Amino acid sequence: MATIRQVQVTFDCAEPVRVARFWCEVLGYVTPPPPEGFATWDDFDSTLPPEERGAWFSCSDPTGVGPRLYFQRVPEGKVAKNRVHLDVRAGTGLVGEERLATLQAECARLVALGAVCERVLFADEENESCIVMKDVEGNEFCLD
């Protein structure tokens with residue numbers, strides 16, 4: 024039996040480059056260099072047929088630890104809650120007010136990038152606080 028060693032997270036979206044650049048800022052990810060012979064991704068993109076321009080984009084963790092993120096254009100818009108979402112681990116190891124303050128500071132940074140804060144889930148007897156958010160195209164994710 025083969026062992027899976029890597030995973031890629033794929034986002035369906037309307038504007039792959041825009042969404043990819045948002046997630047690069049959120050996670051500290053980087054975009055790969057353009058294909059050989061091209062100075063920029065825009066230069067490469069301009070050589071494609073019009074219907075393929077901007078159809079996909081990707082980014083990756085510069086440390087090689089996190090999964091590659093792939094963004095592909097789809098014709099339909101988002102119509103329901105995500106079945107899978109990312110948890111951005113901004114408060115790992117923190118509890119109580121310190122955790123909440125850290126999450127709220129990160130929330131403010133992400134809102135400035137175009138994210139939307141949906142709701143804050145305050146700590147209870149079982150769970151620590153987290154913040155439910157949406158990215159620049161409305162995909163849900165959590166600050167946790």
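Residue numbering for the sequence shown follows the working numbering, beginning at 24 and increasing consecutively. Glycine residues also receive a C-beta, built at the ideal position from the N, C-alpha and C atoms. Note that the coordinates shown come from a computational prediction; the quantities given were computed from them, not determined experimentally.
Residues bridged to Lys157 [DSSP beta-bridge criterion]:
Residue mapping note: residue 157 aligns to position 134 of the sequence shown, counting from 1. Paired residue(s): Val139 and Glu163.
Are Ser152 and Gly100 closer than 9 angstroms when you measure CB to CB?
The count along the sequence shown starts at 1 and reaches residue 152 at position 129. The count along the sequence shown starts at 1 and reaches residue 100 at position 77. No, these two residues do not count as a Cβ contact at 9 angstroms.
Report the residue ranges of all alpha helix (DSSP H) runs contained in full by the region 28–56; include only those spanning at least 4 residues, in chain order.
Secondary structure within the region 28–56: the alpha helix (DSSP H) runs of 4 or more consecutive residues, fully enclosed, are 39–50 (chain order).
Does the Cβ of Arg44 have 16 or more other Cβ atoms within 10 Å, making it buried, or fewer, making it exposed?
Numbered from 1 along the sequence shown, position 21 holds the residue referred to as residue 44. With 16 or more Cβ atoms within 10 Å of its Cβ, Arg44 is classed as buried.
Minimum Cβ-Cβ distance from Tyr52 to chain D less than 9 angstroms
Among the chains of the structure shown, chain D does not appear; only one protein chain is present.
Paired residues, beta bridge with Val111 - DSSP:
As a first step, residue 111 is located in the sequence shown; it is residue number 88 there, counting from the start. Under DSSP, Val111 forms a beta bridge with Leu166.
Whether Cys47 touches Leu109 by CB criterion (9 angstroms)
Counted from its first residue, the sequence shown places residue 47 at position 24. Counted from its first residue, the sequence shown places residue 109 at position 86. No, the pair does not count as a contact, with Cβ atoms beyond the cut-off.
Among the residues of its own chain, which have a CB less than 8 angstroms from the CB of Asp68, if the five just before and after it don't count?
As a position in the sequence shown, residue 68 is number 45, starting the count at 1. Non-local C-beta neighbours of Asp68 in its own chain, meaning closer than 8 angstroms and more than five positions away in sequence, comprise Arg76 and Gly77, ordered along the chain.
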